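Here is the structure we will look at.
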Amino acid sequence: MTRGEKMIIGLTGCSHALTHGYLLVFPAVLLLLKKDFDLGYLGLGVISNIMSFSYGLGALPGGMIFNRFGPKKLYLFCFLGSTVTCLLIAISPNLLIFTIGLAILGALGSVYHPLANALISAKVKEFGRGLGIHGSAGNIGLATAPFLAGLIGSQWGWRSAYLVFMAPGIVLSIWALFVDMSIDKLQKQGQPAGADSQSGQADRGFWIYFSIPLILLYTVNTLQSFSFHGVVTFLPTYMSQYTSFHILSWDSVAIGGMLSGIALFMGVFGQYLGGVLAEKKNLKRNIAVTGVFCFPFLLAMAFAKDVILLAMALSFFFFTFALQPMVNTLMARYTTLKMRATAFGIYFFAAFGIGSMAASFSG
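With my numbering, letter number 154 in the sequence shown gets 154, and the count goes up by one each step, no holes.
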């Protein structure tokens, strides 16, 4: 990779970790919120649903905003806005303001995925590999955020967890000012090298975004997102209740956050493998085979306890995250550069918007 490509991957990788980290503070401190607001799991699931739905809702216009204002302005809007919103959540005086804050946090973060995927596929030549690295970095955020938020929350309260997560948003926003995100020249070139012939169609009309291949990709990603949201929202709580590990003098909040973090960290390796497989032949076959492996491990999690539960969770997250860079790469191959940001917006709107319903279902 060139220096410019490495800068793009570095920034988007760290950003991917943080944007998912913002969402996972909530499940990590869920037990504290349950006590503080005197809510049941259904109520907490609905609140998580609101946050996750808004995380998908903004993805749809996010792709269009990307085309109108460019990636840098959209990036700064996303992360500076998220930083301010974390402060709002931390000082929220009641459940209503807290829920509104989570909804805003989700909406601000929702523009990130169409932005990052369009940017990487435009600026990085081996974009399948780049998306794999980007996904792996996101999993580091998925793994570390529940652990850090759970540990901070158990020691100083859930409000402190949101205050701490303000700092990386400021750092990344400053870093973004020095990264070249311009894609004007690439847009004039049209379709990037290496795209499938199917994506060489003209970018005219609304229905170009709803070809049969794209509808199938939207569906696959939505189903994968539904299973992911249903599991991850209550994973720290589930781990704390169905394992009997004792670590120092940590309470159940910290232990649940740590165990879920370990399970989610397995996705780092899954994402990297998915990125490697995305550059290989028979991409569609690789997606199908990987998807089949997810189900038995997810089913086993419902019956397992202790070490077996952790092992099943590790296996499930490995395969489910291996899917992401492969499906994202196929999306890029079925779209031209000009239509890609909007197509990714629809793609992530379906995934996070509809997939978010799993939180209420699980609750």
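Virtual Cβ for every residue (Gly too), placed ideally from N, Cα, C.
Nothing here was measured: the structure is a model prediction, and the numbers come from that model.
Buried or exposed (CB count within 10 angstroms, at least 16 for buried), residue i
{"i": "Asn-94", "result": "exposed"}
{"i": "Arg-68", "result": "exposed"}
{"i": "Gly-275", "result": "buried"}
{"i": "Leu-44", "result": "buried"}
{"i": "Asn-49", "result": "buried"}
{"i": "Leu-216", "result": "exposed"}
{"i": "Gly-4", "result": "exposed"}
{"i": "Met-64", "result": "exposed"}
{"i": "Ala-167", "result": "exposed"}
{"i": "Gln-155", "result": "exposed"}
{"i": "Pro-27", "result": "buried"}
{"i": "Gly-40", "result": "exposed"}
{"i": "Leu-74", "result": "buried"}
{"i": "Leu-151", "result": "buried"}
{"i": "Ala-287", "result": "Looking at the sequence itself, residue 287 is Ile, so the reference to Ala does not match. Ile-287 is buried by the Cβ-count criterion."}
CA nearest to the CA of residue i, picked from the options
{"i": "Phe-319", "options": "Val-268, Ile-262 and Asn-328", "result": "Val-268"}
{"i": "Gly-58", "options": "Val-46, Leu-31 and Pro-114", "result": "Pro-114"}
{"i": "Thr-19", "options": "Ala-343, Leu-105 and Pro-71", "result": "Leu-105"}
{"i": "Ala-254", "options": "Ala-302, Arg-340 and Thr-144", "result": "Thr-144"}
{"i": "Ile-183", "options": "His-134, Leu-151 and Ala-116", "result": "Ala-116"}
{"i": "Val-25", "options": "Thr-243, Ser-260 and Tyr-272", "result": "Ser-260"}
{"i": "Met-1", "options": "Leu-31, Ile-133 and Leu-96", "result": "Ile-133"}
{"i": "Thr-243", "options": "Val-231, Val-232, Gly-256 and Thr-233", "result": "Gly-256"}
{"i": "Ala-149", "options": "Leu-33, Gly-128 and Thr-342", "result": "Leu-33"}
{"i": "Gly-270", "options": "Met-326, Pro-296, Ile-212 and Tyr-75", "result": "Met-326"}
{"i": "Gly-135", "options": "Phe-321, Tyr-334, Thr-342 and Leu-31", "result": "Phe-321"}
{"i": "Ser-52", "options": "Gly-40, Phe-127, Leu-23 and Asp-38", "result": "Leu-23"}
{"i": "Phe-165", "options": "Gly-21, Ser-240 and Tyr-41", "result": "Gly-21"}
{"i": "Gly-101", "options": "Pro-61, Ser-54, Tyr-112 and Val-111", "result": "Ser-54"}
{"i": "Leu-283", "options": "Leu-264, Asp-306, Ala-332 and Leu-298", "result": "Ala-332"}
{"i": "Leu-142", "options": "Leu-76, Phe-228, Thr-219 and Leu-108", "result": "Phe-228"}
Where residue i falls: helix, strand or coil (DSSP)
{"i": "Thr-2", "result": "coil"}
{"i": "Asp-36", "result": "helix"}
{"i": "Ala-350", "result": "helix"}
{"i": "His-246", "result": "coil"}
{"i": "Lys-280", "result": "coil"}
{"i": "Ala-343", "result": "helix"}
{"i": "Ala-103", "result": "helix"}
{"i": "Ile-183", "result": "coil"}
{"i": "Gly-257", "result": "helix"}
{"i": "Thr-336", "result": "coil"}
{"i": "Val-111", "result": "coil"}
Unbroken alpha helix (DSSP H) run spanning residue i, endpoints
{"i": "Asn-286", "result": "283-301"}
{"i": "Met-166", "result": "166-176"}
{"i": "Val-327", "result": "306-333"}
{"i": "Phe-206", "result": "Note, Phe-206: premise wrong, no alpha helix (DSSP H); not H, not E."}
{"i": "Ser-92", "result": "Taken as a continuous stretch (DSSP letters only), Ser-92 belongs to no alpha helix (DSSP H), as it is neither H nor E."}
{"i": "Met-51", "result": "41-57"}
{"i": "Ser-225", "result": "212-232"}
{"i": "Gly-366", "result": "Look at the range of the chain in this structure, 1 to 363, and you will see that residue 366 is not part of it."}
Chain-order list of residues whose beta-carbon lies under 7 Å from that of residue i (same chain, five-residue window excluded)
{"i": "Ala-304", "result": "Met-312"}
{"i": "Ala-137", "result": "Gly-13, Cys-14, His-16 and Ala-17"}
{"i": "Phe-98", "result": "Ile-89 and Ser-92"}
{"i": "Met-7", "result": "Val-179"}
{"i": "Gln-189", "result": "Confidence is the limiting factor: at Gln-189 the pLDDT is only 44, short of 50, which leaves the residue's position unreliable and the question unanswerable from this model."}
Cβ-heavy atom distance, residue i to the ligand HEM, below 7 Å
{"i": "Leu-87", "result": "Judged by which ligands are present, the structure shown has none, so any question about the ligand HEM falls away."}
Neighbourhood of residue i by C-beta, 6 Å cutoff - its chain only, sequence neighbours within 5 removed
{"i": "Phe-79", "result": "Gly-169, Leu-172 and Ser-173"}
{"i": "Ile-354", "result": "Thr-222"}
{"i": "Gly-71", "result": "It should be noted that the sequence gives Pro, not Gly, for residue 71. Correct list, in chain order: Leu-115, Leu-119 and Met-181."}
{"i": "Met-239", "result": "Gly-256, Leu-259 and Ser-260"}
Proximal residues to residue i (C-beta, below 8 Å), its chain only, five neighbours per side dropped
{"i": "Val-124", "result": "Met-1, Glu-5, Ile-8, Ile-9 and Gly-130"}
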